[in-house]
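Sequential numbering from 799 applies to the sequence shown in my numbering.
From the three backbone atoms N, C-alpha and C, an ideal C-beta is built for every residue, glycine too.
Only a predicted model underlies this, so the values are computations on that prediction, with no experimental measurement involved.
Here is the structure we will look at, set down as structure tokens.
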Amino acid sequence: MIQKNWTGKTADEFNRLISIPELAKMACMSVRNLQLMFKAYTSETLHQYIIRTRMEYAQQLLKDNKKSIAEIYEYIGFANQSALNNTLQKKYNLTPRELQKKLLETSHTYPSYISPYRIVESETIPVLFLSYIGNYDTCSTVAFETYTWDCLYEYAKENSLLPDKEDYWGIAYDDTDITSLEKCRFYACIAIQKGIGTNPPLTSPIKHMDLPQGTYAVYVHQGDYALLDAFYETILKQLPQFYSLGETPILEHYLNSPTDTDVKELLTEVWIPIVK
């Protein structure tokens, strides 16, 4: 809700819909319980989280360099450009132009040839997932593999949810040039059979969702996961002609694993949602 197009809406409407009483109502919880549980899970208050993610979205729009400053303040629900300027100045000690210049000067060079993309029309993919918040470097370790995908596999196996072929996915929600490393969000996912209802207990860290149906441009990265930032930066500048980036998450599809594959031979498909 925070990171959406608020153009044409008033700042009051943003503040009302993102107010803690309104969020508590949506969650069917008391305001106090929502605040306590949210901080216990994220280590920051709701107010801090809203401000941070709103500023990260502003930075992403500045980095994309497709909208004017005036368009950006409307897009993220500020009352006027001065309000955005003051908030950025207070948080980063930079004007919007200075922050944009800094972001655009931060670049990652991908060292290898990138094979041509293919376009895929995908149906929804039901998955079980575990969420992780922290440095993405951790995601390539054996310990992380054991905690996440091995755990998901055992749960799916015990509950007769595995499809004929094991299928592992991931969603890296954040740009490490913008979001602090300790706040980066990642979902480790395993595909399960379609048409089989599953509802892990509310107390379980394992959750269920569907990867979105849609059109994707699929690129293949071979090698170290540490190069994925540079890979993303490169392919996002090479989207298929007549298409633009969609609003659903970018997906990572892991064709092998660092637990039994040399780093140089790791294969990761990056599924970029695209729309005409």
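According to DSSP, residues forming a beta bridge with residue i
| i | result |
| --- | --- |
| MET1007 | VAL925 |
| THR1013 | GLU919 |
| TRP967 | CYS987 and HIS1051 |
| ILE1072 | LEU1043 |
| LEU1065 | GLN1020 |
| TYR930 | PHE984 |
Distance between beta carbons of residue j and residue i, contact taken as under 8 Å
| i | j | result |
| --- | --- | --- |
| SER913 | VAL1061 | Wrong, their Cβ atoms sit about 19 Å apart, outside the cutoff. |
| ILE874 | LEU860 | Not really, about 11 Å apart at Cβ, beyond 8 Å. |
| THR1057 | VAL940 | 6 Å |
| GLY968 | GLU1050 | 4 Å |
| THR996 | LEU959 | 6 Å |
Between the CA atoms of residue j and residue i - distance to the nearest angstrom
| i | j | result |
| --- | --- | --- |
| MET853 | SER817 | 17 Å |
| ILE976 | ARG850 | 10 Å |
| THR1046 | VAL1016 | 14 Å |
| GLN1020 | MET824 | 43 Å |
| GLU956 | LEU950 | 10 Å |
| ASN891 | ALA856 | 15 Å |
| ASP862 | GLN1036 | 13 Å |
| TRP1069 | LEU1043 | 11 Å |
| GLU872 | GLN846 | 21 Å |
| ILE800 | LEU821 | Its pLDDT being 47, under 50, ILE800 is placed unreliably by the model, and the measurement read from it follows with that caveat. Near 12 Å, if we compare the C-alpha coordinates of LEU821 and ILE800. |
| GLY1012 | ILE923 | 11 Å |
| ARG916 | LYS1074 | 16 Å |
| ASN933 | MET835 | 22 Å |
| ASP962 | ASP935 | 31 Å |
Assigned exposure category for residue i - 16 Cβ within 10 Å defines buried
| i | result |
| --- | --- |
| ALA986 | buried |
| THR1066 | buried |
| GLU1063 | exposed |
| PHE984 | buried |
| CYS937 | buried |
| PRO1071 | buried |
| PHE1040 | exposed |
| PRO894 | buried |
| GLN898 | buried |
| TRP804 | Low per-residue confidence applies at TRP804: pLDDT is 48, beneath 50, and the placement is therefore not dependable, though the value from the model is reported in the following sentence. TRP804 comes out buried. |
| PRO819 | exposed |
| ALA1024 | exposed |
| CYS982 | buried |
| THR946 | buried |
| ALA954 | buried |
| ASN878 | exposed |
| ALA970 | buried |
| ALA838 | exposed |
| ILE994 | exposed |
Interface flag, residue i vs chain B, CB-CB below 8 Å
| i | result |
| --- | --- |
| ILE917 | Looking at the structure shown, chain B is missing, and only one protein chain is on hand. |
Give a yes or no on contact between the stretch 922 to 932 and the stretch 1000 to 1009, applying the rule of three or more CB pairs nearer than 8 Å. They touch, by the three-pair rule.
Contact between the stretch 1022 to 1034 and the stretch 896 to 909: three or more CB pairs below 8 Å? Yes: the two stretches touch, three or more of their Cβ pairs being nearer than 8 Å.
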